[in-house]
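Numbering (our numbering), first residue to last: 142 to 399.
Okay, structure coming up:
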């Protein structure tokens with residue numbers, strides 16, 4: 142999907158922060174200053190969206206997951222919806238410390254959630270006292286709220302996509318420690334050097350976040366479609382020799398009947 146500068150403009154992607162709050166490292170992405178606010182160069186934003194989209198599509202095509210991180214109010218629902226549509230994990234509540242660096246412990250918590258579900262299915266849950274059932278239910282609800290969206294993430298993600306790197310600095314640090322590529326919407330008040338793939342954009346307005354996420358998830362969707370096509374092609378190739386072997390056998394059987 143080609144990125145049009147006009148649609149970015151209409152979504153307010155170009156509005157940065159107050160000039161006094163800016164990070165000088167964002168200078169290459171700033172077009173001008175207007176009424177004390179920095180204006181982002183949308184031509185650079187469009188180019189960076191395409192660059193990030195191509196890289197994310199390759200990661201998705203390789204079968205690895207992309208973890209979306211956005212806990213700010215304006216972004217939570219958008220990220221949950223967009224990431225959910227392409228079946229990618231996301232964190233929209235508080236970032237669980239050690240989510241990446243202590244992934245084994247996080248997986249144990251996810252398994253605990255699954256074991257509670259099994260208890261409810263096999264009837265074990267009903268053998269508990271009323272107080273114990275209430276405690277288990279509360280634990281299950283808490284785990285679901287914080288980790289429900291990463292149930293299918295059985296290994297470390299192939300990349301992180303972050304909205305607002307200042308707010309999500311703990312997630313950024315954990316990804317850096319493990320050399321996990323970081324993709325992010327970066328506003329004029331943040332240091333772009335912390336990110337591998339920078340998308341200079343307004344990360345405070347829901348319209349701007351929605352527009353960027355639409356392009357990003359569309360690119361990932363293309364990568365997933367490519368992976369599916371390759372898998373289907375490989376399956377067809379495997380089935381072809383089997384059909385070829387089966388054909389002579391049918392022919393022999395027909396001759397014997399004659």
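Where a beta carbon is used, it is the ideal one built from N, C-alpha and C, also for glycine.
- Excluding sequence positions up to five before and after residue 184, its CB lies within less than 8 Å of the CB of 146, all in the same chain and listed in chain order.
- Here residue 320 is exposed: its Cβ has fewer than 16 other Cβ atoms, across all protein chains shown, within 10 Å.
- Look at residue 155 here: in three-state DSSP terms it is coil, with no helix or strand label.
- Cβ contact annotation for residue 329 (same chain, cutoff 6 Å, sequence separation greater than five): 157, 158, 163, 167, 179, in chain order.
- In its chain, beyond the 5 residues on either side, 237, 247, 250, 251, 254 have a beta carbon closer than 8 Å to the beta carbon of residue 288.
- Along the length of the segment 257-333, whole beta strand (DSSP E) runs at least 3 residues long occupy 300-304, 323-327, reported in chain order.
- For residue 360 against residue 143, the beta-carbon gap comes to about 11 Å, at or over 8 Å, which does not count as contact.
- Sequence-distant partners of residue 213 (beyond 5 residues in either direction) whose C-beta falls short of 6 Å from its own C-beta, in its chain, are 305, 308.
- Rounded to whole angstroms, residue 367 and residue 259 show a C-alpha spacing of 35 Å.
- Under the criterion of beta carbons closer than 8 Å, residue 186 and residue 342 qualify as touching, at roughly 6 Å.
- Closest by C-alpha distance to residue 331, out of 317, 349, 351, 310, is 310.
- Residues 210 of the same chain have their beta carbon placed closer than 6 Å to that of residue 232, with the five preceding and five following residues left out of the count.
- Less than 8 Å separates the beta-carbon of residue 337 from that of residue 323.
- Annotated three-state conformation of residue 144 is coil, per DSSP.
- In this structure residue 245 is exposed. Its beta-carbon is surrounded by fewer than 16 other beta-carbon atoms within 10 angstroms.
- Only buried fits residue 333, as 16 or more other CB atoms lie within 10 angstroms of its CB.
- In this structure, residue 206 lies near residue 298, with their beta-carbon atoms less than 8 Å apart.
- According to the DSSP assignment, residue 200 belongs to the alpha helix (DSSP H) that extends over 183-202.
- Note on residue 285: under 16 other CB atoms within 10 angstroms of its CB, so exposed under the neighbour-count rule.
- DSSP places residue 341 in the strand class (E or B) of the three-state scheme.
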